[in-house]
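This report concerns only the one structure given below.
2 protein chains.
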Amino acid sequence: MGIDELFRALGDPTRREILRLLRDGDLSAGELAAHFPLAKSTLSGHFTILRHAGLIVAERRGTTIIYSLSIGAVEELAAAVMALLGAGAVGARAKWPGTAPRRKGSEKGEAR
Amino acid sequence: MGIDELFRALGDPTRREILRLLRDGDLSAGELAAHFPLAKSTLSGHFTILRHAGLIVAERRGTTIIYSLSIGAVEELAAAVMALLGAGAVGARAKWPGTAPRRKGSEKGEAR
DNA sequence: TCGGTATTTCGCCAATAATCGAATTATATT
DNA sequence: AATATAATTCGATTATTGGCGAAATACCGA
């Protein structure tokens, strides 16, 4: 349940969609898989990654496994975001893109 | 500056360390590179990824390029986290990991 | 214009990640 | 015990990523 696993888990659109679906209620592995054009084994891999990141929890009921959102990682995620960008960024140091001093030949979106 | 680029950019420890360093003040590409045992070209690639994610901005000054934290992405990041886990997770639905199922068998209003 | 410094871009390679179908495990039902 | 169903694990394949050194680009000063 480290920061790295957390951000990496969220860095995939399929996995974010799984989380979004679970926001509307718990779903079984099969029900979740039905929402994607991917093999069940592929989805199963995504579940494992999300579980290791602390973003979902699994509960077996009979032959099916029900997945639910877990807020265990939310606190860690919020703390990480704040530590990286939060307090420092809100202060005077950070810049809104486009508000940098406009010197000759400086950035401008795609500064190359 | 999409959600995907944002999370992927944050999913690498070197890039997170770059952001952490920039929290204490702007630094040039060379000054940043000096903090890592990596080739400058490798760091340059990380800068590009962070810039595309909207997490940093570049300003050329003479031959050097100064990087600064940008809060342009913070709002988007916060919104994404909330959309995925926030409101829904804070409610009654999500579980803390390790929380025993309240009552086996039938507390899911409607098992779908 | 020439030389020096800072940084990026370009090929290339190794490691990691995403995907699939087939085989396997776990549970329930008859 | 045999069968059926749900999900995972396994082995192989392809795509993406992170890394390097060398070459190219951008800028400054003499």
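Same order as they appear, the protein sequences are chains A and B.
Take any residue in the first sequence, count from 1 to its spot, add 13: that is its number in this note's numbering.
Take any residue in the second sequence, count from 1 to its spot, add 13: that is its number in this note's numbering.
The beta-carbon is built from N, C-alpha and C at its ideal position, and this holds for glycine as well.
| Check | Outcome |
| --- | --- |
| Status (buried if at least 16 other CB within 10 Å, exposed otherwise) for B:ALA92 | exposed |
| Chain A contact residues for B:PHE20, given Cβ-Cβ distances below 7 Å | PHE20, LEU23, GLY24 |
| Near-chain B residues of the segment 72-85 of chain A (beta-carbon distance less than 9 Å), N- to C-terminal order | GLU72, ARG74, ILE79, SER81, LEU82, SER83, ILE84, GLY85 |
| DSSP state of B:THR76 mapped onto helix, strand, coil | coil |
| Host alpha helix (DSSP H) of A:PRO26 (start-end) | 26-36 |
| Chain A within 9 Å of B:LEU45, Cβ atoms only | no |
| Secondary structure of B:ILE84, DSSP reduced to three states | coil |
| Span separating the alpha-carbon of B:LEU19 from that of B:LEU90 | 7 Å |
| Residue-level contact to chain B via CB, A:LEU51, 9 Å cutoff | no |
| Neighbour-count burial assignment, A:SER54, 16 or more Cβ in a 10 Å radius | exposed |
| Chain A contact residues for B:LEU56, given Cβ-Cβ distances below 9 Å | Going along chain A, no residue has its Cβ under 9 Å from B:LEU56, so there is no contact; the nearest lies around 16 Å. |
| Nearest residue (CA-CA) to B:THR27, options B:GLY15, B:LEU45, B:ILE16 | B:LEU45 |
| Rounded C-alpha distance that separates B:LEU63 from A:VAL70 | 31 Å |
| Any C-beta of chain B under 9 Å from that of A:ALA91 | yes |
| DSSP state of A:LEU40 mapped onto helix, strand, coil | strand |
| beta-carbon B:ARG36 near the ligand MG non-hydrogen atom, thresh 8 Å | Inclusion of the ligand MG in the displayed structure is not the case, the ligand content being empty and no account of it being possible. |
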